[in-house]
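Visitor: My questions will all concern the structure given below.
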Amino acid sequence: MDSRQPVALTATETVSVTPHAADGNTRPPGRVLRSDRIIERSIIAARGVAGVLGFLALWEVVARYDLLPRDVLPAASTTLASSAALLGDPAFLGQIGATLWAAFVGFALAVVIAVPAGLVLGLSDRLHAATATVVELLRPLPPVGLVPLLVLVAGQGLEMKAVVVALGCVWPLLVNTIHGVHSTDGTAWATARSFGWSQRTVALRVVWPSAVPSVLTGVRITASVALILCVGAEFIGGSRDGLGSWLLQQSMLPGGIDTVCAGVVIAGALGLLVNAAVTALERRFAGWAHREDS
Numbered sequence: 001m002d003s004r005q006p007v008a009l010t011a012t013e014t015v016s017v018t019p020h021a022a023d024g025n026t027r028p029p030g031r032v033l034r035s036d037r038i039i040e041r042s043i044i045a046a047r048g049v050a051g052v053l054g055f056l057a058l059w060e061v062v063a064r065y066d067l068l069p070r071d072v073l074p075a076a077s078t079t080l081a082s083s084a085a086l087l088g089d090p091a092f093l094g095q096i097g098a099t100l101w102a103a104f105v106g107f108a109l110a111v112v113i114a115v116p117a118g119l120v121l122g123l124s125d126r127l128h129a130a131t132a133t134v135v136e137l138l139r140p141l142p143p144v145g146l147v148p149l150l151v152l153v154a155g156q157g158l159e160m161k162a163v164v165v166a167l168g169c170v171w172p173l174l175v176n177t178i179h180g181v182h183s184t185d186g187t188a189w190a191t192a193r194s195f196g197w198s199q200r201t202v203a204l205r206v207v208w209p210s211a212v213p214s215v216l217t218g219v220r221i222t223a224s225v226a227l228i229l230c231v232g233a234e235f236i237g238g239s240r241d242g243l244g245s246w247l248l249q250q251s252m253l254p255g256g257i258d259t260v261c262a263g264v265v266i267a268g269a270l271g272l273l274v275n276a277a278v279t280a281l282e283r284r285f286a287g288w289a290h291r292e293d294s
């Protein structure tokens, strides 16, 4: 048979090549999917904004009609005005900076410890079996409950807060990393080994890329937890600076409920910004995993 002669398409082949042009749409499939994702994210964002506005409206109604005492819950409009005033106060911004720095140091310490340890435990079935009971025993312990002991050992400053944050973040990061290693495709692992790749090369070029989405999910979850733990450590440990110590001082002042609620709102907004930043990081380095899931 002359290879230069045209080959007739079968019925199956004809169906497989015509759908893209049937409706006159010549855009690449990837661009269509990208547009769909933009629309989906816009809808999700709009729903989130609507939920926040609805919550603020409900808060305002509860406060204005005295469904709760004014000394317990000020009006939402009053709290938002106080929050805006606090954001213009350099002293308060210094307290926010102290909390963010301590949370970052503790979180970075947890990442440095948990991610390499999770890779090692995930790659070794023997080590994982030997340490699984210890991990499950220590993981439920509340780090904030160790604050009095840590104050005696490390004082009330940065070291105490960073240790509390690290203790609270290390376990979710460790478990997520181990899960990511164990979710590696066995066929890809076996294929790499059949090509003569060493265990180290397989770990770096096959296992680690497969574990990245799970690791980043752990990072996203624990980033907000780090901020919560840091504020709690400052509040309980009587730290000299930070948002938690500022909230404690304001709660002791007459009529301080307005500024306390304003500080809590700002803390929630900080958590939202941290989560958004880590989510963008996750999409940047592991967006392919979410596209495969969709």
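Heads up, the sequence shown is in the UniProt record's numbering, so the first residue is 1 and it goes up one at a time. We treat Cβ as the ideally placed atom computed from N, Cα and C, and that holds for glycine. Fair warning: this is a prediction, and the values are worked out from it, not measured in the lab.
(1) Rounding to the nearest angstrom, what Cα-Cα distance links G122 and A226 in this structure?
(2) Is the Cβ-Cβ distance between P143 and L229 less than 8 Å?
(3) Give the single residue among V52, V61, A76, S83 whose Cα lies nearest to the Cα of G263.
(4) Between the segment 145 to 159 and the segment 213 to 223, are three or more C-beta pairs nearer than 8 Å?
(5) Relative to the alpha-carbon of S183, which residue among V165, A203, S198 has its alpha-carbon at the smallest distance?
(6) Could you compute how far the alpha carbon of V278 sits from the alpha carbon of T177?
(7) Would you call E136 buried or exposed, if buried means 16 or more other Cβ atoms sit within 10 Å of its Cβ?
(8) Assuming G180 is part of the alpha helix (DSSP H), what are its boundary residues?
(9) Taking all protein chains shown into account, decide if G51 is buried (16 or more other Cβ within 10 angstroms of its Cβ) or exposed.
(10) Leaving aside the five residues before and after A22 along the sequence, list all residues of the same chain whose C-beta is less than 8 Å from its C-beta, in chain order.
(11) Using the three-state DSSP reduction, which class does V134 fall into: helix, strand or coil?
(12) Would the beta-carbon of V62 fall within 8 Å of that of L73?
(13) Between Q249 and P172, what straight-line distance do the alpha-carbon atoms span, to the nearest angstrom?
(14) Looking only at its own chain, which residues have a Cβ that is under 6 Å from the Cβ of L167, when we skip the five neighbours before and after it?
(15) Which value, in whole angstroms, describes the spacing of the CA atoms of Q199 and W208?
Guide: In brief:
(1) 24 Å
(2) yes
(3) S83
(4) no
(5) A203
(6) 17 Å
(7) exposed
(8) 158 to 182
(9) exposed
(10) In this prediction, A22 scores a pLDDT of 44, lower than 50, which makes its location untrustworthy; the coordinate-derived value is nonetheless stated afterwards. Here the set comprises nothing.
(11) helix
(12) yes
(13) 32 Å
(14) P143
(15) 12 Å
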